[in-house]
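Quick notes on the structure that follows.
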Amino acid sequence: PSSHARAPRRTRAASSPSRPEAVHEIPARVPVVERPEERSSPPASVRAGTMEHPGGVTGLTPGVTAWTAESIASLPPGERRTMAALVDEAGARSARAQALPTAITSTDRLTRDQIVYLCCDETTNPLRGPTRVLGILKTGDKNLFIHRPSSPKPIEMEPRCVLDFYVAETAQRRGVGFLLFAFFLRNENKHPARLAYDRPSAKFLAFLRKHHGLVTYQNQTNNFVVFDAYFAVKPRPASAAREAKKLAEGRGVGLAAAARAKAAA
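When we follow this note's numbering, the leftmost residue of the sequence shown carries the number 1, and every step to the right adds one.
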C-alpha cells in the first residue's frame, strides 16, 4: 500500500433550486422613462415619486409579465419585498389617479383568481436591478347583478373583470396601455366585450371606444360597466371551460355562469 495519504474526496455541492419565473413574458419594445442615478445600496422601498426600485426580480423583465399571488409568494424573500413595494406603489398611484379612498391593488390582497400584469421599461434588469414599472393591470372574477338592455330585472353573472388599470403619467400616450391590455386579452383568451370593468375612468372608456368599438352600456348601481355588446358576443371556449372547472371544485360561479358551464359540458 502507498505511504502517501489519500486526498479527501470532494463532494459535489447540491444545486440550488431554480428560481421561479413570471408567466407569459413578451420581448416587446417599451418606452424608456427617466434614468436617475443608480444607487449602490438599494433602499427598502421604491424611489419617491416613481414606480422604480433599485433591486431586480427574477422574471420581471422588460415588456409585460403576468403574476399571481402564488408566483409572487414563491420568490426569494428579498425579491418578494421588491415586488411588493412595486405593486403596492402602483396600486396606490392608481387609487390617487382615480380619487379612490384606498388602493384596490396590493400584494397582500391578491386572491387566487386574480392576475396582475406589469409593464416594465427596457432598462429593467431582473438580475441586478433596477426595476422600472410603467403600468399595471389587474384582472379577477366578480359575482355581479347586472341590468341588461331592455330588461327590468338584473341577472346574476360572474364575468372576468378588469379591476385596475393604470399607466404612469410620464409613460402615457406611448402605447403602454395598449401593450398591457393586448397582452392580457391574449394571455386569458378574452374578448374585450365579454368583460366587466370596475369604475373605468374617462380615459379608459375612450381607450375602449377607440381600439375596440365599445360604446353603449347601462348604468349599474355597483359601478361596474358591462357593455351591451357583452350579450351579443358568444363566450370563448376557454371561458366556459374555466367555469366548468370552478363548478367541479365546488366554487360558486353564479347562476348564469353555471348555466353556461353546464351547457358547454
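By construction, the Cβ of each residue, glycine as well, lies at the ideal position given by its N, Cα and C atoms. Given the structure is predicted, the values throughout are model-derived calculations rather than measurements.
When the Cα atoms are used, what is the spatial distance from Pro-149 to Gln-218? 7 angstroms
DSSP state of Leu-100, grouped into three classes? coil
Would you call Ser-15 buried or exposed, if buried means 16 or more other Cβ atoms sit within 10 Å of its Cβ? Confidence is the limiting factor: at Ser-15 the pLDDT is only 44, short of 50, which leaves the residue's position unreliable, though a coordinate-based value still follows. Label assigned to Ser-15: exposed.
Closest to Leu-179 by CA distance: which of Ala-85, Asp-121, Thr-102, Ala-97 is it? Asp-121
Arg-160 - containing beta strand (DSSP E), residue span: In the DSSP assignment, Arg-160 falls within the beta strand (DSSP E) that extends over 160 to 167.
How far does the alpha helix (DSSP H) with Gly-299 in it extend, from its first residue to its last? A query on residue 299 cannot be resolved here, the shown segment of the chain reaching from 1 to 265 and no further.
Contact set for Arg-199: own chain, Cβ-Cβ below 7 angstroms, skip 5 residues either direction: Gln-98, Asn-223
Give the list of continuous alpha helix (DSSP H) stretches no shorter than 4 residues that lie fully inside the region 65 to 114. 69 to 73, 77 to 97
Report the partner residues of Tyr-117 according to the DSSP bridge assignment. Ala-66, Leu-137
Under the assumption that Tyr-166 contacts Ser-106 (Cβ atoms under 8 angstroms), give the Cβ distance between them as a whole number of angstroms. Between Ser-106 and Tyr-166 the Cβ distance is about 13 angstroms, and since that is not below 8 angstroms, they are no contact.
Going by DSSP, what residue range makes up the alpha helix (DSSP H) through Leu-144? Here Leu-144 belongs to no alpha helix (DSSP H); instead the beta strand (DSSP E) covers 144 to 147.
Inspect the CB distances between the region 124 to 134 and the region 49 to 57 and report whether three or more fall short of 8 angstroms. yes
What does DSSP give as the partner residue(s) for Glu-156 in the beta ladder? Paired residue(s): Phe-145.
Hey, quick one: how far does the beta strand (DSSP E) through Pro-206 stretch, first residue to last? For clarity, residue 206 is Ala in the given sequence; the question names Pro instead. Element bounds for Ala-206: not the beta strand (DSSP E) but the alpha helix (DSSP H), 202 to 212.
Measure the alpha-carbon distance for Met-157 versus Leu-163 and round it to whole angstroms. 16 angstroms
Could you tell me the alpha carbon to alpha carbon distance between Leu-214 and Val-87, rounded to whole angstroms? Leu-214 and Val-87 have their C-alpha atoms roughly 29 angstroms apart.
With DSSP run on the structure shown, which of helix, strand or coil describes Arg-199? coil
Pick out whichever of Pro-77, Ser-151, Leu-205, Asp-113 has its Cα sitting closest to the Cα of Asn-143. Asp-113
May I have the straight-line CA-CA distance separating Phe-145 from Thr-65, to the nearest angstrom? 32 angstroms
Of the choices Val-57, Leu-208, Lys-210, Ser-201, whose alpha-carbon is the least far from that of Asn-125? Val-57
Where Arg-194 falls: helix, strand or coil (DSSP): helix
How is Thr-170 classed by DSSP in three states: helix, strand or coil? helix
What does the alpha-carbon distance come out to for the pair Ala-206 and Lys-234? 24 angstroms
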